[in-house]
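Counted the way our numbering counts, the sequence shown spans residues 22 to 207. Here is the structure we will look at, set down as structure tokens.
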Amino acid sequence: LCRLLADTIRHQEGVMFYFWDEGKTVRRAWGGAGKPTDLSLLAAVEKSGQPLMVKDLAQSPFKAPSPGMVSIIASPLLAHDKVCGVVVLGAPVKDAFGQEQLDQLRLIAYQAGMAFSNARLFQQVVVARQQLEESQESLIQSSKMSAIGKLAAGVAHELNTPLGVMHLALEQALEFLQERPETAQR
């Protein structure tokens with residue numbers, strides 16, 4: 022996105038925020054001193070959901086996101102009619118951007134928002150698939166353990182039945198020996 026914007030819209034520096042998941046924001050800054058110092062402009066674009074062009078930040082209610090910006094254009098990243106991020110491009114001179122650049126940024130931001138959203142959804146599908154595979158493995162293992170348990174119970178039953186008969190026969194023989202030793206000798 023940074024390279025595409027650099028090739029398409031002439032600007033000195035840029036900032037991009039993408040809200041990946043709850044509590045997780047991907048931030049990217051390029052061309053300037055680093056990360057933005059003031060986020061009020063980004064918050065305003067996020068809240069309104071509309072692109073913004075400020076020809077001179079000194080004459081606006083907004084502070085520059087970073088010290089080098091004098092004029093800016095900003096656009097929300099939209100995906101499925103929902104704001105999922107913001108892109109701001111800045112220049113160190115007044116009136117650096119026109120309506121054509123704002124329209125280009127809006128179009129690129131919309132496409133980027135959809136691409137980022139699709140990437141996030143794809144990642145969620147990958148995670149869900151991994152969880153499903155783990156659940157299936159666990160279910161198969163549980164099923165195997167259940168089968169082994171049933172087999173062991175069946176084997177124990179098959180062995181206990183004849184052993185029980187033999188035990189009963191031997192108890193009766195012992196009792197018979199004790200009650201009638203002379204018959205038992207014969």
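C-beta: ideal position from N, C-alpha, C; glycine also.
Residue state for proline 97 is assigned as strand, using DSSP reduced to three classes.
Closest option to tryptophan 51, judged by alpha-carbon separation, among Phe40, Gln33, Pro113: Gln33.
The DSSP-derived three-state label of aspartate 59 is coil.
Under the 10 Å beta carbon count, methionine 166 is surrounded by fewer than 16 other beta carbons and is classified as exposed.
Residue environment: proline 86 is assigned as buried (16 or more neighbouring CB atoms within 10 Å of its CB, all protein chains considered). In the DSSP assignment, arginine 48 falls within the unbroken beta strand (DSSP E) covering 45–51. Taking C-beta separations shorter than 7 Å and ignoring five residues to either side along the sequence, the partners of phenylalanine 197 in its chain run Ala205, following chain order. Non-local C-beta neighbours of glutamine 71 in its own chain, meaning closer than 8 Å and more than five positions away in sequence, comprise Pro97, ordered along the chain.
Serine 61 places its beta carbon less than 9 Å from that of phenylalanine 83. Sorting Asp59, Val107, Gly185, Met74 by C-alpha distance to the C-alpha of threonine 46 places Val107 at the top.
According to DSSP, valine 75 shares a beta bridge with Ile93.
When only Cα atoms are considered, alanine 177 and methionine 187 end up about 15 Å apart. Of all C-beta pairs linking the region 109–116 to the region 63–77, three or more are shorter than 8 Å, placing the two stretches in contact. At a Cβ-Cβ threshold of 9 Å, serine 159 and histidine 101 do not count as neighbours.
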